[in-house]
Amino acid sequence: MHPMAPPALPPFEAFYAEYAGVVLGFLRRRLGAQHAEDAFQETFLRALAAYGRLRHGEQLRAWVLTIARNVAVDAARRARESAEPPDLGREDARPAFAELRELTDGLPPKERAAVVLRYGYDLTYDQIAAALGSSPVAARQAASAGIRRLRRRSES
Amino acid sequence: MSVPADLDLRFRAAAARAGLLDAAYDVVESPVGRLLVATTGRGILRISFDADADAELERLARLTGPRVLRAPRAVDEVRRELDEYFERRRRAFDLQLDLRGVAAFARRVLGELAHVPYGRTATYGELAARVGNPRAARAVGTVMNRNPIPIVLPCHRVVGADGSLVGYGGGLERKEALLRLEGALLA
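So the protein sequences, as listed, match chains A and B.
No gaps in the numbering here: position 74 of the first sequence is 74 in my numbering, and each next residue is one more.
Numbers given in my numbering equal positions in the second sequence, counted from 1, plus 156.
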């Protein structure tokens, strides 16, 4: 194998075995133990639905944590709507969006995620769509909208 | 952090139920050892003896796609039929087969093999003759050795012209055990 070739995509079982614990820990901190289990299943079902479209095994940790983050946001919204405020006080201390974090701070969540995944992690729009639970077109639009917003912000 | 067993099992069952897997597998205990059994939406794909799980999963992923997951529920039907077979309550399997990746000649040989009855044996040469190529006994032997679904496709029932067991992909001891189970070998 060429030394610069990206790692091959592992069988889903190996991916799941490696990241299940990390994802569950993340979701427990975000949502509390009670809501974390549903979110855990939702996260890995979304990952599974998109897994066949991944072309290599790079950044899988960032990828699955992004999915988990979006599932957690959805779960928190649902919980708010059912007037059961979840425990959001203990944010994950190690966000996946390290590099572009400050720059994109304040963007709407989907735009921010799309920008960071596209330009920070170089994921394809297919992969981003899977992570965000949306379509590739919507992912591209979210990234463009985020960039436009950042431009406007830097110009003002 | 380790994932609680019930949560883990619930996810695996949901994944299989959602139809999202390229292949599901589980390890099935049997009198001839642990069998790694893999199935797809088309049918049973693999039974492996002494499988190195990591290498086997890589092989399954190359054959079917990367969404390969251990999902015990997806293998329940095969497990039940295997259990019945080993308890001598079943003489034929009612399972769909997924023979993707099997070349045309091997497919024809395996098709004939499926007709060798429970408790009986056929020789490599007889099987070769049944696919219209009586001189291909050695090629038939190779097909038996690479049989992707042993036990269900009964390559243990294929023996040498002199009745010797000759060989078995899972080891001769297993071949002998299966033939004894079926009453094909006396004493």
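The beta-carbon is built from N, C-alpha and C at its ideal position, and this holds for glycine as well.
Q) Straight-line CA distance for residue 62 of chain A to residue 315 of chain B? A) Counting from one through the first sequence, the residue named residue 62 of chain A turns up at place 62. Counting from one through the second sequence, the residue named residue 315 of chain B turns up at place 159. Taking the straight line joining both Cα atoms gives about 54 Å.
Q. Leaving out five residues before and five after residue 247 of chain B in sequence, what residues of the same chain have Cβ atoms less than 6 Å from its Cβ?
A. Taking the first residue of the second sequence as 1, we reach residue 247 of chain B at position 91. Within the same chain, residue 247 of chain B has close Cβ partners 274.
Q: Using 10 angstroms around the beta-carbon of residue 299 of chain B, count the other beta-carbons present and answer buried if the total reaches 16, otherwise exposed.
A: By 1-based counting over the second sequence, the position of residue 299 of chain B is 143. Residue burial is scored here from C-beta neighbours: residue 299 of chain B has at least 16 other C-beta atoms within 10 angstroms and is therefore classed as buried.
Q) Would a check of beta-carbon distances place residue 170 of chain B closer than 7 Å to chain A? A) Locating residue 170 of chain B in the second sequence gives position 14, where the first residue counts as 1. Yes, its Cβ sits closer than 7 Å to a Cβ of chain A.
Q) Could you give the distance in angstroms between the alpha-carbon of residue 23 of chain A and the alpha-carbon of residue 45 of chain A? A) Start at 1 with the first residue of the first sequence, and residue 23 of chain A comes out as number 23. Start at 1 with the first residue of the first sequence, and residue 45 of chain A comes out as number 45. If I take the Cα positions, the gap works out to 13 Å.
Q.
Could you tell me the alpha carbon to alpha carbon distance between residue 290 of chain B and residue 159 of chain B, rounded to whole angstroms?
A. Counting from one through the second sequence, the residue named residue 290 of chain B turns up at place 134. Counting from one through the second sequence, the residue named residue 159 of chain B turns up at place 3. Cα to Cα, residue 290 of chain B sits roughly 56 Å from residue 159 of chain B.
**Q.** CA-to-CA distance, residue 253 of chain B to residue 124 of chain A, given in whole angstroms
**A.** Translated into positions along the first sequence, residue 124 of chain A becomes position 124. Translated into positions along the second sequence, residue 253 of chain B becomes position 97. The C-alpha of residue 253 of chain B is placed about 36 Å away from the C-alpha of residue 124 of chain A.
Q: Find the residues of chain A that neighbour residue 249 of chain B, judging by a C-beta separation of less than 8 Å, and give them in chain order.
A: Working through the second sequence from its first residue, we reach residue 249 of chain B at position 93. Residues of chain A passing the Cβ test: none, with the nearest at roughly 26 Å.
Q: Check each candidate in B/318, B/164, B/327, B/180 and name the one with the smallest Cα separation from residue 234 of chain B.
A: As a position in the second sequence, residue 234 of chain B is number 78, starting the count at 1. When only C-alpha atoms are compared, the closest one is B/180.
Q.
Taking 7 Å as the threshold (beta carbon to beta carbon), is residue 72 of chain A in contact with chain B?
A. Within the first sequence, numbered from 1, the residue matching residue 72 of chain A stands at position 72. No, its Cβ sits nowhere closer than 7 Å to a Cβ of chain B.
Q.
Between residue 304 of chain B and residue 258 of chain B, how many whole angstroms is the CB-CB distance? I'm expecting something under 8 Å.
A. What you label residue 304 of chain B is simply residue 148 of the second sequence in a count that begins at 1. What you label residue 258 of chain B is simply residue 102 of the second sequence in a count that begins at 1. With 8 Å as the limit, residue 304 of chain B and residue 258 of chain B qualify as a contact, their Cβ atoms being about 7 Å apart.
Q: Could you tell me whether the Cβ atoms of residue 225 of chain B and residue 194 of chain B are closer together than 7 Å?
A: On the second sequence, position 69 is the one that residue 225 of chain B refers to. On the second sequence, position 38 is the one that residue 194 of chain B refers to. Their beta carbons are not under 7 Å apart, which means residue 225 of chain B does not touch residue 194 of chain B by this criterion.
(Q) In this structure, how does DSSP classify residue 194 of chain B when only helix, strand and coil are distinguished? (A) Counted from its first residue, the second sequence places residue 194 of chain B at position 38. If DSSP states are grouped into helix, strand and coil, residue 194 of chain B belongs with the strands.
(Q) Give the list of continuous alpha helix (DSSP H) stretches no shorter than 4 residues that lie fully inside the stretch 230-264 of chain B. (A) Every alpha helix (DSSP H) stretch that sits fully inside the stretch 230-264 of chain B and reaches 4 residues is listed by chain position as 232-242.
Q: Would you grab the beta carbon distance between residue 70 of chain A and residue 130 of chain A for me? Rounded to a whole angstrom, and I think it's under 8 Å.
A: Here residue 70 of chain A refers to the residue found at position 70 when the first sequence is read from its first residue. Here residue 130 of chain A refers to the residue found at position 130 when the first sequence is read from its first residue. In this structure residue 70 of chain A does not touch residue 130 of chain A by the C-beta definition: roughly 10 Å separates them, more than the 8 Å allowed.
Q. Anyone know if the C-beta pair for residue 10 of chain A and residue 57 of chain A falls short of 7 Å?
A. Numbered from its first residue, the first sequence carries residue 10 of chain A at position 10. Numbered from its first residue, the first sequence carries residue 57 of chain A at position 57. Yes. Within cutoff.
Q) In chain B, which residues lie less than 7 Å from residue 37 of chain A when you measure between Cβ atoms? A) By 1-based counting over the first sequence, the position of residue 37 of chain A is 37. The answer, in chain order, is 163.
**Q.** Length of the line joining the Cα atoms of residue 178 of chain B and residue 266 of chain B
**A.** Against the second sequence, residue 178 of chain B aligns to sequence position 22. Against the second sequence, residue 266 of chain B aligns to sequence position 110. Cα to Cα, residue 178 of chain B sits roughly 23 Å from residue 266 of chain B.
Q. With C-beta atoms as the reference, is residue 188 of chain B less than 7 Å away from residue 333 of chain B?
A. In the second sequence, the residue the question calls residue 188 of chain B occupies position 32. In the second sequence, the residue the question calls residue 333 of chain B occupies position 177. Between residue 188 of chain B and residue 333 of chain B, the gap from beta carbon to beta carbon is short of 7 Å.
**Q.** Extent of the continuous alpha helix (DSSP H) to which residue 208 of chain B belongs
**A.** Your numbering for residue 208 of chain B matches position 52 in the second sequence. From DSSP, residue 208 of chain B is part of no alpha helix (DSSP H); its letter is neither H nor E.
Q) If we cut at 7 Å on Cβ distances, does residue 68 of chain A have a partner in chain B? A) On the first sequence, residue 68 of chain A is found 68 positions in, with the first residue counted as 1. No, its Cβ sits nowhere closer than 7 Å to a Cβ of chain B.
Q) Which whole-angstrom value describes the C-beta separation of residue 293 of chain B and residue 281 of chain B, a residue pair presumed to lie in contact below a C-beta threshold of 8 Å? A) The residue labelled residue 293 of chain B in the question sits at position 137 within the second sequence. The residue labelled residue 281 of chain B in the question sits at position 125 within the second sequence. Right, the Cβ-Cβ distance comes to about 4 Å (below 8 Å), so this counts as a contact.
(Q) Closest to residue 66 of chain A by C-alpha separation, out of A/128, A/153, A/152, A/135, would be which residue? (A) Walking along the first sequence from the start, residue 66 of chain A turns up at place 66. Residue A/128 holds the alpha-carbon nearest to the alpha-carbon of residue 66 of chain A among A/128, A/153, A/152, A/135.
Q | Buried or exposed (CB count within 10 angstroms, at least 16 for buried), residue 243 of chain B | A | Here residue 243 of chain B refers to the residue found at position 87 when the second sequence is read from its first residue. By the 16-neighbour rule on beta-carbons within 10 angstroms, residue 243 of chain B is exposed.
Q. What number of angstroms, rounded off, separates the C-alpha of residue 153 of chain A from the C-alpha of residue 165 of chain B?
A. Walking along the first sequence from the start, residue 153 of chain A turns up at place 153. Walking along the second sequence from the start, residue 165 of chain B turns up at place 9. In a straight line, the C-alpha of residue 153 of chain A is about 48 Å away from that of residue 165 of chain B.
(Q) Would you say residue 26 of chain A lies against chain B (beta-carbon separation less than 7 Å)? (A) For this step, residue 26 of chain A is matched to residue 26 along the first sequence. False, the Cβ-Cβ gap to chain B never drops below 7 Å.
Q | Exposure label - residue 186 of chain B; buried when at least 16 CB within 10 Å | A | Here residue 186 of chain B refers to the residue found at position 30 of the second sequence. Answer is buried; the Cβ neighbour count reaches 16.
Q: Assign residue 132 of chain A to one of two classes, buried (16 or more other C-beta atoms within 10 Å of its C-beta) or exposed (fewer than that).
A: Within the first sequence, the letter at position 132 stands for residue 132 of chain A. Looking at its Cβ environment, which holds 16 or more other Cβ atoms inside 10 Å, residue 132 of chain A is buried.
Q: Give the single residue among B/285, B/308, B/306 whose Cα lies nearest to the Cα of residue 317 of chain B.
A: Locating residue 317 of chain B in the second sequence gives position 161, where the first residue counts as 1. Of the listed residues, the one whose Cα sits closest to residue 317 of chain B is B/285.
Q. For residue 328 of chain B, is the classification buried or exposed, using 16 other Cβ atoms within 10 angstroms of its Cβ as the cut-off for buried?
A. Taking the second sequence and counting its residues from 1, one reaches residue 328 of chain B at position 172. Residue 328 of chain B should be labelled exposed.
Q) If you check the beta carbons only, do residue 308 of chain B and residue 261 of chain B fall under 7 Å apart? A) Position 152 of the second sequence holds residue 308 of chain B. Position 105 of the second sequence holds residue 261 of chain B. Contact flag unset, no.
Q) With DSSP run on the structure shown, which of helix, strand or coil describes residue 30 of chain A? A) For the purposes of this step, residue 30 of chain A is taken as the residue at position 30 of the first sequence. In the displayed model, residue 30 of chain A falls within a helix according to three-state DSSP.
Q) Taking the beta strand (DSSP E) that residue 180 of chain B falls in, what are its first and last residues? A) Along the second sequence, one-based indexing puts residue 180 of chain B at 24. That run of the beta strand (DSSP E) goes 179-184.
Q | Below-7 Å beta-carbon distance, residue 51 of chain A vs any chain B residue | A | As a first step, residue 51 of chain A must be located in the first sequence, where it is residue number 51. Yes - at least one Cβ of chain B is within 7 Å of the one on residue 51 of chain A.
Q: Check whether the Cβ atoms of residue 192 of chain B and residue 207 of chain B sit closer than 7 Å, and answer yes or no.
A: In the second sequence, the residue the question calls residue 192 of chain B occupies position 36. In the second sequence, the residue the question calls residue 207 of chain B occupies position 51. Cβ atoms of residue 192 of chain B and residue 207 of chain B: closer than 7 Å.
Q: Specify the secondary structure class of residue 137 of chain A as computed by DSSP and reduced to three states.
A: Counting from 1 along the first sequence, the entry for residue 137 of chain A is found at position 137. Looking at residue 137 of chain A - three-state DSSP - the assignment turns out to be helix.
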